[in-house]
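To start, the structure itself, in structure tokens.
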Amino acid sequence: MQAKVGDRIVIKAHKVGKRIERDCEVLEVHGADGGPPFLVRWGDTGRESLFYPGPDAAVEPYDTAQPAA
Amino acid sequence: MRIIDATRRSAVAVAPDRPIAEVAQLMEDATVGAVVVVDGDDLVGIVTDRDLVRRALAHRLDPDARVDAVMSTPVVTIDAGADLRDAYRLFDAHAVRRLAITQDGRFVGVIAIDDLLMDVTADLVAITRPVTAEVLFGHHDVPVPART
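Protein chains in written order, with our numbering: chain L, 153 to 221; chain D, 5 to 152.
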């Protein structure tokens with residue numbers, strides 16, 4: 153998996169029988185060629201950690217075409 | 005099947021000096037039951053939700069205590085290209101529920117015994133389905149042609 157700074161990573165998980173989603177923002181790319189590990193900030197809490205994505209994770213690229221202010 | 009293809013979940017890593025309260029919150033953030041502890045590129049330990057209960061909460065450890073005070077070490081590792089059967093042997097030999105996956109000596113992920121259990125269960129369903137169908141719906145034998 154490759155990601156860029158600003159991309160969002162969504163993790164789809166199961167927790168006691170229900171499907172839940174978590175997301176984080178890529179702050180730094182530590183691997184070669186845009187690969188993991190990524191330093192990420194978790195969406196709900198702002199806490200940071202290194203993240204090694206598995207098959208439960210998908211990258212949502214950051215849209216660089218931001219509307220003008 | 006290779007180990008790296010059998011893992012079903014993402015992994016989270018923290019530095020050894022992170023407070024245990026923050027590690028517990030990260031487990032909730034990322035919906036993981038274990039966090040790997042890395043010092044630079046070096047894998048130095050693993051801490052599970054069970055470790056936090058038994059080694060921290062049960063001993064009323066300060067929430068700001070460093071995570072390396074409660075982590076398990078050394079971590080049992082398996083190469084990303086190893087066969088699934090190698091994981092079975094390691095789980096059996098070391099009585100652990102998670103193995104750290106490494107590639108070229110660097111940590112790349114975690115495989116849990118639950119991942120293997122799900123694979124075994126899926127295989128079991130696949131091989132028992134035709135037998136179950138036969139029991140429930142009877143045989144569909146082609147009749148033997150009568151001799152003329």
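Positions of the beta carbon are idealized from the N, C-alpha and C atoms, including for glycine. Just so we're clear, the structure is a prediction, and the values are computed from it rather than from any experiment.
Do residue j and residue i have their beta-carbon atoms positioned less than 8 Å apart in this structure?
i              : j              : result
R12 (chain D)  : P205 (chain L) : no
R6 (chain D)   : D87 (chain D)  : yes
F203 (chain L) : V16 (chain D)  : yes
A38 (chain D)  : V51 (chain D)  : yes
I8 (chain D)   : I105 (chain D) : yes
D43 (chain D)  : P20 (chain D)  : yes
P189 (chain L) : M153 (chain L) : no
V41 (chain D)  : V18 (chain D)  : yes
V114 (chain D) : R102 (chain D) : yes
Which residues in chain L have a C-beta closer than 9 Å to the C-beta of residue i? List them in chain order.
i             : result
R12 (chain D) : G206, P207 and D208
Cβ closer than 8 Å: which chain D residues qualify as neighbours of residue i?
i              : result
L202 (chain L) : V16, A17, V18 and V42
By the 10 Å Cβ neighbour count, where 16 or more other Cβ atoms means buried, how is residue i classified, buried or exposed?
i              : result
F141 (chain D) : exposed
E200 (chain L) : buried
L179 (chain L) : exposed
P213 (chain L) : exposed
V129 (chain D) : exposed
G49 (chain D)  : buried
V148 (chain D) : exposed
D215 (chain L) : exposed
R93 (chain D)  : exposed
V124 (chain D) : exposed
A184 (chain L) : exposed
V157 (chain L) : exposed
A91 (chain D)  : buried
D108 (chain D) : exposed
D45 (chain D)  : exposed
A150 (chain D) : exposed
A209 (chain L) : buried
Pop quiz: residue i and residue j are said to be a contact at Cβ under 8 Å. What is the actual Cβ separation, rounded to whole angstroms?
i             : j             : result
D53 (chain D) : M75 (chain D) : With 8 Å as the limit, D53 (chain D) and M75 (chain D) do not qualify as a contact, their Cβ atoms being about 13 Å apart.
P23 (chain D) : A60 (chain D) : Actually they do not touch by this definition, with Cβ atoms about 10 Å apart.
V27 (chain D) : V71 (chain D) : 5 Å
List the residues of chain L whose Cβ lies closer than 8 Å to the Cβ of residue i, in chain order.
i             : result
E26 (chain D) : R199
Give the straight-line distance between the Cα atoms of residue i and residue j, rounded to the nearest whole angstrom.
i              : j              : result
V135 (chain D) : L121 (chain D) : 21 Å
L65 (chain D)  : I131 (chain D) : 49 Å
A155 (chain L) : E138 (chain D) : 49 Å
R174 (chain L) : R160 (chain L) : 10 Å
R171 (chain L) : A34 (chain D)  : 13 Å
P219 (chain L) : T197 (chain L) : Caution applies to P219 (chain L), whose pLDDT of 48 falls short of 50 and renders its modelled position unreliable; the value that the coordinates give is listed next. Straight-line Cα distance between these residues: approximately 27 Å.
D96 (chain D)  : V146 (chain D) : 46 Å
A73 (chain D)  : R133 (chain D) : 49 Å
V162 (chain L) : S14 (chain D)  : 11 Å
D83 (chain D)  : Q29 (chain D)  : 29 Å
T81 (chain D)  : E177 (chain L) : 28 Å
H182 (chain L) : V192 (chain L) : 11 Å
D119 (chain D) : A25 (chain D)  : 27 Å
Under 7 Å Cβ-Cβ, which residues of chain L neighbour residue i?
i              : result
Q29 (chain D)  : T197 and R199
D33 (chain D)  : R174, W194, D196, T197 and R199
V112 (chain D) : Y204
Which residues in chain D have a C-beta closer than 9 Å to the C-beta of residue i? List them in chain order.
i              : result
P213 (chain L) : The premise fails here: P213 (chain L) is roughly 18 Å from chain D at the closest Cβ pair, so nothing lies under 9 Å.
Residues of chain D with CB closer than 7 Å to the CB of residue i, please, in chain order.
i              : result
P165 (chain L) : Checking the displayed sequence, the identity of residue 165 (chain L) turns out to be Ala instead of Pro. Ordered by position in chain D, the residues that pass the 7 Å Cβ test against A165 (chain L) are T35.
Would you say the beta carbon of residue i comes nearer than 7 Å to a heavy atom of the ligand GDP?
i              : result
R151 (chain D) : This structure does not include the ligand GDP; it has no bound ligands of any sort.
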